[in-house]
Amino acid sequence: MTAVRPSRVRHLLAAIVVAACAFAPAAHARAMPEDLPAVALSDLPKEVGAVDARIRSGGPFRFDRDGAVFGNREKVLPAKPRGYYHEYTVPTPGARDRGARRIVCGGPKRTPEACYYTDDHYRTFRRIRE
């Protein structure tokens, strides 16, 4: 077995660090919460409007998890105290489970201050404009 010279190890480690730094911005390139795009409620699937109406009337909801606290662990939405956000399932026609579509609202349950729509299970959000 041949020994590896310390200088070669340092060069290799330096190359790895440089490569990691070069790709780090792309890996973390996600919109800041204040930069989330907005979308009109009327431009979203009709099921979103139906769930929005149920949120504002206090239900009834189709899924047990509807109204549960959304933790915002991904930090995609603006930072707020725990319990501020609640999630609601937007049914996907033909899906056998809850699917990936959700509305997440912040503030009082029947009169939310802001609602967001995701169709990819919390990876991206758009703020819903009324």
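The opening residue of the sequence shown carries number 4 in the working numbering; numbering runs sequentially from there.
Just so it is clear, CB atoms sit at the ideal spot from N, CA and C, and this is done for glycine as well.
Residue i (DSSP reduced to helix, strand or coil)
| i | result |
| --- | --- |
| E90 | strand |
| G110 | coil |
| R132 | strand |
Cβ neighbours of residue i in the same chain (closer than 7 Å, five flanking residues each side left out)
| i | result |
| --- | --- |
| E77 | Y125 |
| E133 | L44 |
| F73 | Y88, H89, E90 and V107 |
Cut-off 6 Å between Cβ atoms - residues of its own chain near residue i, not counting five sequence neighbours on either side
| i | result |
| --- | --- |
| Y87 | G109 |
| G70 | H89 |
| V54 | Y91, V93 and I106 |
| D123 | A103 |
Neighbourhood of residue i by C-beta distance below 8 Å, restricted to the same chain and skipping five residues each side
| i | result |
| --- | --- |
| F128 | L39, V79, L80, V107, Y119, Y120 and T121 |
| V51 | L44, V93, R104, I106, Y120 and I131 |
| G61 | K112 and R113 |
| L47 | Y120 and I131 |
| P96 | E50 |
Closest by C-alpha distance to residue i, when choosing among the options
| i | options | result |
| --- | --- | --- |
| R99 | F66, V42, G62 and R59 | F66 |
Expected contact under 8 Å - CB spacing of residue i and residue j to nearest Å
| i | j | result |
| --- | --- | --- |
| R105 | T92 | 6 Å |
| P115 | G102 | About 21 Å separates the two Cβ atoms, so there is no contact after all. |
| G56 | R130 | For the record, residue 56 in the displayed sequence is Ala; it is not Gly. In fact, because the Cβ distance is near 18 Å, the residues do not count as touching under 8 Å. |
N-terminal and C-terminal residue of the alpha helix (DSSP H) that residue i is part of
| i | result |
| --- | --- |
| V79 | Here V79 belongs to no alpha helix (DSSP H), and DSSP marks it neither H nor E. |
Range covered by the beta strand (DSSP E) that runs through residue i
| i | result |
| --- | --- |
| A56 | Per DSSP, A56 belongs to no beta strand (DSSP E); it is in the alpha helix (DSSP H), K49 to S60. |
| Y120 | A117 to T121 |
| A98 | From DSSP, A98 is part of no beta strand (DSSP E); its letter is neither H nor E. |
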